[in-house]
Structure formats: C-alpha cells, structure tokens
Amino acid sequence: MRSAGFLFLLYTFDMTVVVNGDPKEFPSGRSLAAFIEHLGLKGDRIAVELNREIAPRSRWTEISLADGDRLEIVHFVGGGLDY
Numbered sequence: 005m006r007s008a009g010f011l012f013l014l015y016t017f018d019m020t021v022v023v024n025g026d027p028k029e030f031p032s033g034r035s036l037a038a039f040i041e042h043l044g045l046k047g048d049r050i051a052v053e054l055n056r057e058i059a060p061r062s063r064w065t066e067i068s069l070a071d072g073d074r075l076e077i078v079h080f081v082g083g084g085l086d087y
C-alpha cells in the first residue's frame with residue numbers, strides 16, 4: 005500500500021530538438037504541442053515544419069518528437085499598408 009503524500013514527476017532533458025538551427029533540450033516522449041508550449045509560443049500565430057514537412061496544427065498533440073528532430077518555426081506578422 006502506498007503512503008499518502010505527493011507524487012513528483014521528474015523530467016530529464018534527454019533529447020535535443022533543433023529549432024531554426026538552434027539546439028534545444030527537451031524531455032523525450034513529449035508532443036509537438038507540449039514543445040510549442042514549452043517555448044512559450046502562441047500556437048495560433050505560428051507555422052511549424054518538422055523534418056522538412058509541414059506539421060498540421062490539428063495533429064500537434066498527436067505528433068511525438070524524437071531526439072534529433074529538426075523544426076522550423078515561422079511567426080505570422082500582421083501589418084501592411086494603410087490607405
């Protein structure tokens with residue numbers, strides 16, 4: 005029988021994901037959506053390419069990242085000419 009108390013989950017940063025050419029450490033087995041959140045990015049304002057293929061936003065929670073994956077993340081910028 006388990007004693008009452010807190011259950012702690014320890015994550016080790018045991019994989020490297022390359023983001024726009026910059027290596028980032030991240031726990032293995034996590035989703036692309038979790039990685040985007042970890043980076044502090046707003047998912048509705050970016051497009052993501054995973055290993056040279058567009059990653060559809062609708063599948064980010066299903067896509068698991070692996071050590072050595074390469075991401076290109078592009079931010080949408082509003083603006084334009086005001087007539």
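In terms of the numbering used here, the sequence shown opens at residue 5 and continues consecutively. Virtual Cβ for every residue (Gly too), placed ideally from N, Cα, C.
| Rounded straight-line distance, which links the Cα of L85 to that of E57 | In the sequence shown, the residue the question calls residue 57 occupies position 53. In the sequence shown, the residue the question calls residue 85 occupies position 81. Approximately 32 Å between the Cα atoms of the pair.
| According to DSSP, what are the bridge partners of A51? | Start at 1 with the first residue of the sequence shown, and residue 51 comes out as number 47. Bridge pairing for A51: V78 [DSSP].
| said: I'd like to check one pair, W64 with G44: are the Cβ atoms closer than 8 Å? | reply: Residue mapping note: residue 44 aligns to position 40 of the sequence shown, counting from 1. Residue mapping note: residue 64 aligns to position 60 of the sequence shown, counting from 1. No, the Cβ-Cβ distance between G44 and W64 is not below 8 Å.
| task | Would you kindly report the start and end of the unbroken alpha helix (DSSP H) that includes E29? | result | What you label residue 29 is simply residue 25 of the sequence shown in a count that begins at 1. That residue, E29, is in no alpha helix (DSSP H); its beta strand (DSSP E) goes 26-30.
| query | Around the C-beta of F30, are 16 or more other C-beta atoms found within 10 angstroms, so that it is buried, or is it exposed? | reply | Within the sequence shown, the letter at position 26 stands for residue 30. With 16 or more other Cβ atoms within 10 Å, it is buried.
| Can you tell which of V78, R61, R74 has the C-alpha that lies nearest to the C-alpha of M19? | One-based indexing of the sequence shown puts residue 19 at position 15. M19 has its Cα closest to that of R74, out of V78, R61, R74.
| task | With I40 as the anchor, note down where its alpha helix (DSSP H) starts and where it stops. | result | As a working note, residue 40 is residue 36 in the sequence shown. Counting along the chain, I40 sits inside the alpha helix (DSSP H) bounded by residues 36-42.
| field | Proximity of L69 and V21 at Cβ, strictly below 8 Å | value | For this step, residue 69 is matched to residue 65 along the sequence shown. For this step, residue 21 is matched to residue 17 along the sequence shown. The answer is yes: Cβ separation under 8 Å.
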